[in-house]
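*Asks:* For the sequence shown, position 311 matches number 310 in numbering that gives the first Met the number 0, and the numbering has no gaps at all.
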Amino acid sequence: MEEKKSFLKQKIDLSSPNKNIVPITTAIGNDGKLSVGGCSIEELVKKYDSPLYILDETTLRNSCRAYKQALEKYYPGKSLPIYASKANSSIFMSNLVSSEGLGLDAVSEGELLTALKGGVPNEKIVFHGNNKSDKEIEFAVKNNIQVIVDNDYDLERLEELSNEFDRDIDIMIRFTPGIECHTHEYIRTGSFDSKFGFGIEYLNILFARINETKHLKLKGLHAHIGSQIFELEPHNDLGGIMINVILEAKKFGHNIQQLNVGGGLGIKYTENDTPPSIDEWVKTISRSVMEACKKHNLDLPILMCEPGRSIVSTAGITIYKIGAFKEIPGIRTYLSVDGGMSDNPRPITYQSNYSACLVSNPFNLDSKKKYTIAGKHCESGDVLFKEIELADCKTGDLICVFGTGAYNNSMSSNYNRIPRPAALLVCDGEAELIQKRESPFDLLKYDVLPDRFIKQN
């Protein structure tokens, strides 16, 4: 009975962390309590308080290396995995992925600056966005960061900037390949009806338009079909579509040297999730591109991909402390924790599901109840789990939620004026801060009371 309940007893896949629910170093101590990275979670909370974000360095590095090694194994041409930093952007994450030889994609000046401060080489950064500001584009160009052109507005301003600087600028264009995949409608980006990229039917007009510019040099193509994808077939189709676009571009004199297939590989949040391995995903896209190039007698382009969630999500956990209980007889028992939608907005936004357990009783031994885990925010929809089976628990117990490395910290807010949690890196029994906990006073730093109100008081 207990074996059926406990995802913690499943075998860990070291080569493809996205197929695990838990970080690679997750363990149960002699005291029966949960640890990660060789660190007792209870001791970490005593020192750093809760809620608490924790990242496991071993899982992060294994994920980065899985992409690097698979590309080297399956793609004989040049390749570069590029971390999609929107998943979890920090100076630490920029530094770690760079140390593993990955590039980074950014969608704002803040993410660009974070990447540079983290040590990512300029030539390994790409700049995305469907509504880049003039300031952002100029920052990217001045720092020799390649801009991915998303629309005519981008193109016009890059042309003006290249003429103003009187210098050539290498660009990549993003287009929608028209591929549908089974994922949440908000994170499907490869269909024809998308706010991102040029429509594929417009590309020949675009190729001719770029020829009219003096300094813009088209060097690459980008397409991304969505996120949290478990299917391989859409990515198998993508390679052939992109090679056909390269052939069209050649008719206009453009020599495409870079092919960026985006990211989108899913991860295992719950026992029902069955994502492909990183190796399988890279093999599929590599063979698709190689076969299409061979068919048309083309040299292999530099193959780039943009994993985000599958790099960082499984490496992350979030720890909460249980507070109030509310039992509604015959309906449900609410269990409230000291965080919620401000540190994890995905359940209320995407109806996302996670796995969790008690830190002190991770195997849920003697489990008798199902709980609805509610956040502390003033919203009825602030619910992290609608029904989850846990061992009997009490106020003060700790809950560990798995798979929170991506889109939790990066999408966090100060709703209800609640400070953001601290974030730790754990490895080999050592824990280090990578983000300080905010205080309520930090939230007042940018508030300004107009002079006339000060005088009235």
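Note that CB positions come from ideal geometry on N, CA and C, so glycine has one too.
The model shown is predicted, which means the values in this text are computed figures rather than measured ones.
If I424 and L13 are in contact, beta carbons under 8 Å, what's the gap, nearest whole angstrom?
*Replies:* On the sequence shown, position 425 is the one that residue 424 refers to. On the sequence shown, position 14 is the one that residue 13 refers to. It should be pointed out that residue 424 corresponds to Leu in this sequence rather than to Ile. That belief does not hold up - the Cβ atoms of L424 and L13 are roughly 19 Å apart, past 8 Å.
*Asks:* Would you kindly work out how many angstroms separate the C-alpha atoms of L7 and L202, rounded to a whole number?
*Replies:* Within the sequence shown, the letter at position 8 stands for residue 7. Within the sequence shown, the letter at position 203 stands for residue 202. If you take the alpha carbons of L7 and L202, they lie about 49 Å apart.
*Asks:* The alpha helix (DSSP H) spanning E99 covers which residue range?
*Replies:* For the purposes of this step, residue 99 is taken as the residue at position 100 of the sequence shown. Element bounds for E99: n/a, residue is neither H nor E.
*Asks:* Are there 16 or more other CB atoms within 10 angstroms of the CB of T24, so buried, or fewer, so exposed?
*Replies:* Taking the sequence shown and counting its residues from 1, the one referred to as residue 24 is at position 25. The residue in question, T24, is buried, as its Cβ has 16 or more Cβ neighbours within 10 Å.
*Asks:* According to DSSP, is M241 helix, strand or coil?
*Replies:* Position 242 of the sequence shown, counted from the first residue, corresponds to residue 241. Helix, per DSSP.
*Asks:* Count the other CB atoms, across all protein chains shown, that sit within 10 Å of the CB of H183; report buried if there are 16 or more and exposed otherwise.
*Replies:* The sequence position of residue 183 within the sequence shown is 184, counting from 1. Legend: pLDDT at H183 = 38, less than 50; position of this residue unreliable, value from coordinates given subsequently. The residue is exposed, with fewer than 16 neighbouring Cβ atoms inside 10 Å.
*Asks:* Relative to the C-alpha of A430, which residue among N19, V21, P16, C38 is closest?
*Replies:* One-based indexing of the sequence shown puts residue 430 at position 431. Ranking N19, V21, P16, C38 by Cα distance to A430 puts C38 first.
*Asks:* When we look at the beta-carbon of Y185 and count the other beta-carbons within 10 Å, is it buried (16 or more) or exposed?
*Replies:* As a position in the sequence shown, residue 185 is number 186, starting the count at 1. Because Y185 carries a pLDDT of 33, less than 50, the predicted location of this residue cannot be relied on, and no value is offered for it.
*Asks:* Go ahead and label S438 buried or exposed: buried means 16 or more other beta carbons lie within 10 angstroms of its beta carbon, across all protein chains shown.
*Replies:* Start at 1 with the first residue of the sequence shown, and residue 438 comes out as number 439. Exposed is the call here.
*Asks:* If you count every other CB in all the chains shown that lies within 10 Å of the CB of S84, and 16 or more means buried, which is it?
*Replies:* As a first step, residue 84 must be located in the sequence shown, where it is residue number 85. So S84 ends up on the buried side.
*Asks:* Reducing DSSP to helix, strand and coil, say where H223 ends up.
*Replies:* Numbered from 1 along the sequence shown, position 224 holds the residue referred to as residue 223. Looking at H223 - three-state DSSP - the assignment turns out to be coil, as it is neither helix nor strand.
*Asks:* Among E326, E211, T57, I330, which has the Cα closest to the Cα of A314?
*Replies:* Here the question's residue 314 lines up with position 315 in the sequence shown. Among E326, E211, T57, I330, the Cα nearest to that of A314 belongs to T57.
*Asks:* Given a cut-off of 8 Å, decide if I266 and S312 are closer than it, judged by their beta-carbon atoms.
*Replies:* For the purposes of this step, residue 312 is identified with residue 313 of the sequence shown, where counting begins at 1. For the purposes of this step, residue 266 is identified with residue 267 of the sequence shown, where counting begins at 1. Taking 8 Å as the Cβ cut-off, S312 and I266 qualify as a contacting pair.
*Asks:* Where are the beta strand (DSSP E) runs, 3 residues long or more, that stay fully inside the segment 42 to 130, in chain order?
*Replies:* DSSP runs (the beta strand (DSSP E)) wholly in the segment 42 to 130: 51 to 55, 78 to 83, 102 to 105, 124 to 126.
*Asks:* Which parts of the segment 341 to 429 are runs of the alpha helix (DSSP H), unbroken and 4 residues or longer, counting only runs that do not cross its ends?
*Replies:* You should have 345 to 349.
*Asks:* Less than 8 Å between the C-beta atoms of L101 and C63, yes or no?
*Replies:* For the purposes of this step, residue 101 is taken as residue 102 along the sequence shown, with counting starting at 1. For the purposes of this step, residue 63 is taken as residue 64 along the sequence shown, with counting starting at 1. Result yes, Cβ atoms of L101 and C63 sit closer than 8 Å.
*Asks:* Measuring only the C-alpha atoms, how far is D446 from F440?
*Replies:* Counting from 1 along the sequence shown, the entry for residue 446 is found at position 447. Counting from 1 along the sequence shown, the entry for residue 440 is found at position 441. D446 and F440: Cα-Cα distance of roughly 11 Å.
*Asks:* Determine the closest residue to K369 out of F384, C399, H376, E378, with distance taken between C-alpha atoms.
*Replies:* As a first step, residue 369 must be located in the sequence shown, where it is residue number 370. The residue with the shortest Cα to Cα distance from K369 is F384.
*Asks:* Nearest CA to the CA of L442: which residue from I433, L432, P420, I453?
*Replies:* Here residue 442 refers to the residue found at position 443 when the sequence shown is read from its first residue. That would be P420, whose Cα lies nearest to the Cα of L442.
*Asks:* Consult DSSP for E305 and reduce its assignment to one of helix, strand or coil.
*Replies:* By 1-based counting over the sequence shown, the position of residue 305 is 306. It is coil, neither helix nor strand.
*Asks:* Please classify G118 as buried or exposed, where buried requires at least 16 neighbouring CB atoms within 10 angstroms.
*Replies:* For this step, residue 118 is matched to residue 119 along the sequence shown. Exposed, because fewer than 16 other Cβ atoms sit within 10 Å of the Cβ of G118.
*Asks:* May I ask which residues mark the beginning and end of the alpha helix (DSSP H) holding R286?
*Replies:* The count along the sequence shown starts at 1 and reaches residue 286 at position 287. From DSSP, the alpha helix (DSSP H) with R286 extends over 277 to 294.
*Asks:* Can you give me the Cβ contacts of N142 inside the same chain, cut-off strictly under 6 Å, excluding the 5 residues immediately before and after it?
*Replies:* The sequence position of residue 142 within the sequence shown is 143, counting from 1. Closer than 6 Å at Cβ, skipping near neighbours: N121.
*Asks:* I'd like the list of long-range same chain contacts for E305, defined as Cβ closer than 6 Å, with 5 residues on each side in sequence excluded.
*Replies:* Sequence index remark: in the sequence shown, residue 305 carries index 306 (1-based). Same-chain partners within the cutoff: I81, A83, D104, G261, G262.
*Asks:* Taking C-beta to C-beta, are L217 and I170 nearer than 8 Å?
*Replies:* For this step, residue 217 is matched to residue 218 along the sequence shown. For this step, residue 170 is matched to residue 171 along the sequence shown. Result yes, Cβ atoms of L217 and I170 sit closer than 8 Å.
*Asks:* Does DSSP classify I330 as helix, strand or coil?
*Replies:* Residue 330 sits at position 331 when you count from the first residue of the sequence shown. In this structure, I330 counts as coil in the three-state DSSP scheme.
*Asks:* Once the 5 residues before and after S411 are set aside, which same chain residues still bring their CB inside 7 Å of it?
*Replies:* Numbered from 1 along the sequence shown, position 412 holds the residue referred to as residue 411. Within the same chain, S411 has close Cβ partners S341, D342, R419.
*Asks:* Let me make sure I understand the geometry here. Which of N162, V288, S49, G380 has the alpha-carbon closest to that of I301?
*Replies:* To locate residue 301, count along the sequence shown from 1; it is residue 302. Nearest of N162, V288, S49, G380 to I301, Cα basis: V288.
*Asks:* Where do the N-terminal and C-terminal ends of the alpha helix (DSSP H) with R160 fall, by residue?
*Replies:* The residue labelled residue 160 in the question sits at position 161 within the sequence shown. Per the sequence presented here, residue 160 reads as Leu, with Arg not at that position. It spans 151 to 164 - the alpha helix (DSSP H) in which L160 sits, taken as one unbroken run.
*Asks:* With 16 other CB atoms within 10 Å as the buried threshold, where does C377 fall?
*Replies:* Residue mapping note: residue 377 aligns to position 378 of the sequence shown, counting from 1. Result: exposed.
*Asks:* With a CB to CB cut of under 8 Å and the five nearest residues on each side skipped, what residues in its chain are close to H295?
*Replies:* If you number the sequence shown from 1, residue 295 lands on position 296. I242, L246.
*Asks:* Looking at the structure shown, is Y201 part of a helix, part of a strand, or coil, going by DSSP?
*Replies:* In the sequence shown, counting from the first residue as 1, residue 201 sits at position 202. The answer is helix: DSSP assigns Y201 an H, G or I state.
*Asks:* Relative to the C-alpha of F362, which candidate in C399, K375, G307, Y152 has its C-alpha closest?
*Replies:* Position 363 of the sequence shown, counted from the start, is the residue given in the question as residue 362. F362 has its Cα closest to that of C399, out of C399, K375, G307, Y152.
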